[in-house]
Amino acid sequence: MELFLDVLGESLVDTAKMLPFLFLAYLLIEYIETRHGERIEALLAGGGRWGAVPGAVLGCVPQCGFSAIASNFYSSRVITLGTLMAVYLATSDEAIPLLVSMPAYWDKLMLLMVIKVVYAIAVGFVLDFVLRGVLPKSLRGGYTGRADEVDCHEEHSDEEGKPAPIWKAALRHTLEIFVFIFAFSLVFGLIVEDVGEDVFADLLGRMGFFQPVVAALVGLIPNCAASVLLTQLYVEGALRFSSLVAGLCTGAGVGLAVLWRTNPSWKQNLFITGLTWGAGAFLGVAMQIVVAVSA
Numbered sequence: 024m025e026l027f028l029d030v031l032g033e034s035l036v037d038t039a040k041m042l043p044f045l046f047l048a049y050l051l052i053e054y055i056e057t058r059h060g061e062r063i064e065a066l067l068a069g070g071g072r073w074g075a076v077p078g079a080v081l082g083c084v085p086q087c088g089f090s091a092i093a094s095n096f097y098s099s100r101v102i103t104l105g106t107l108m109a110v111y112l113a114t115s116d117e118a119i120p121l122l123v124s125m126p127a128y129w130d131k132l133m134l135l136m137v138i139k140v141v142y143a144i145a146v147g148f149v150l151d152f153v154l155r156g157v158l159p160k161s162l163r164g165g166y167t168g169r170a171d172e173v174d175c176h177e178e179h180s181d182e183e184g185k186p187a188p189i190w191k192a193a194l195r196h197t198l199e200i201f202v203f204i205f206a207f208s209l210v211f212g213l214i215v216e217d218v219g220e221d222v223f224a225d226l227l228g229r230m231g232f233f234q235p236v237v238a239a240l241v242g243l244i245p246n247c248a249a250s251v252l253l254t255q256l257y258v259e260g261a262l263r264f265s266s267l268v269a270g271l272c273t274g275a276g277v278g279l280a281v282l283w284r285t286n287p288s289w290k291q292n293l294f295i296t297g298l299t300w301g302a303g304a305f306l307g308v309a310m311q312i313v314v315a316v317s318a
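The numbering used here applies: residue 24 is where the sequence shown begins, and numbers increase by one.
Here it is in structure tokens:
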């Protein structure tokens, strides 16, 4: 019981320290979404085969709603497969606000974002320009032309239909992610205390080149908790940076869930899911090889 209370107290204190940074991060996100949401959606929809560029840039915004928007656009044949993949691979969900709340990791955050954006654009271009004639249309799907009436913008309003203050939405997101972080910190702390930190770290370390592959599978979980889990494992030292990148590349938030619900072709959905996992795992393993060779 004493062990549980100690871990509970440490988890609560550590998580509470992040609250001011988390709230400010979500306040900025809500401001951007409220003031420029429709403009962002129009930019994403009008990119055509060059849509991987705005797709990757918009995917960096820590808002899982963009991956859901991209899935809806793809299902409606408004964007290409490359644009969809660019959004998925660039999406980092809750990882960015979480790392923003830790100033010691700001350099890693910048590196993470640069890697993900560049890789997302590269994959998008390969799919839309290099492999466009190779992939059968039944798997490629996507873009057939622009749609005039597409609106996936999320309106924030109260019970009376009036616009709700953005601080309320920011506070709600902050509290939701606070619960995720606290719950994971508590469970992770109890596991480490019970098993032993050295044993736990050694178990993950023994995965070798398979660690990014496993992290990429975790990232596929259509829930914001997946990115929180991966980021916390990295912060705790149990996950390598290459594995974090792999997991966050596949962490498209609710995007894949929306795709499976809105796109009628299960073959396309299965192909895109596998492609997302493969792209993330490949990048993570490649980064490990580069680090090993240069060491």
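Even for Gly, the Cβ is constructed at its ideal location relative to N, Cα and C. Since the model is a prediction, treat every value here as computed from it, not as a measurement.
Same chain only: Cβ atoms within 6 angstroms of residue i, ignoring 5 sequence neighbours per side
i           : result
residue 292 : 282, 283, 286
residue 169 : In this prediction, residue 169 scores a pLDDT of 49, lower than 50, which makes its location untrustworthy; the coordinate-derived value is nonetheless stated afterwards. For residue 169, where only same-chain residues beyond five positions count, there are no Cβ hits under 6 angstroms.
residue 256 : 262
residue 264 : none
Residue i (DSSP reduced to helix, strand or coil)
i           : result
residue 170 : Bear in mind that the predicted position of residue 170 carries a pLDDT of just 46, short of 50, making it unreliable; the figure below should be weighed with that in mind. Residue state, collapsed to three classes: coil.
residue 187 : coil
residue 292 : helix
residue 99  : coil
residue 83  : coil
residue 287 : coil
residue 262 : coil
residue 159 : coil
residue 229 : coil
residue 114 : coil
residue 244 : coil
residue 93  : helix
residue 175 : For residue 175, the predicted structure reports a pLDDT of 44, less than 50, and the residue's modelled location is therefore unreliable. A value from the coordinates is still provided. The answer is coil: DSSP assigns residue 175 none of H, G, I, E or B.
C-beta contact flag for residue i and residue j at 9 angstroms
i           : j           : result
residue 114 : residue 75  : no
residue 30  : residue 212 : yes
residue 272 : residue 242 : yes
residue 149 : residue 105 : yes
residue 112 : residue 146 : yes
residue 202 : residue 140 : no
residue 209 : residue 290 : no
residue 228 : residue 250 : no
residue 269 : residue 304 : yes
residue 278 : residue 34  : no
Contact set for residue i: own chain, Cβ-Cβ below 7 angstroms, skip 5 residues either direction
i           : result
residue 216 : 26, 30
residue 156 : none
residue 240 : 300
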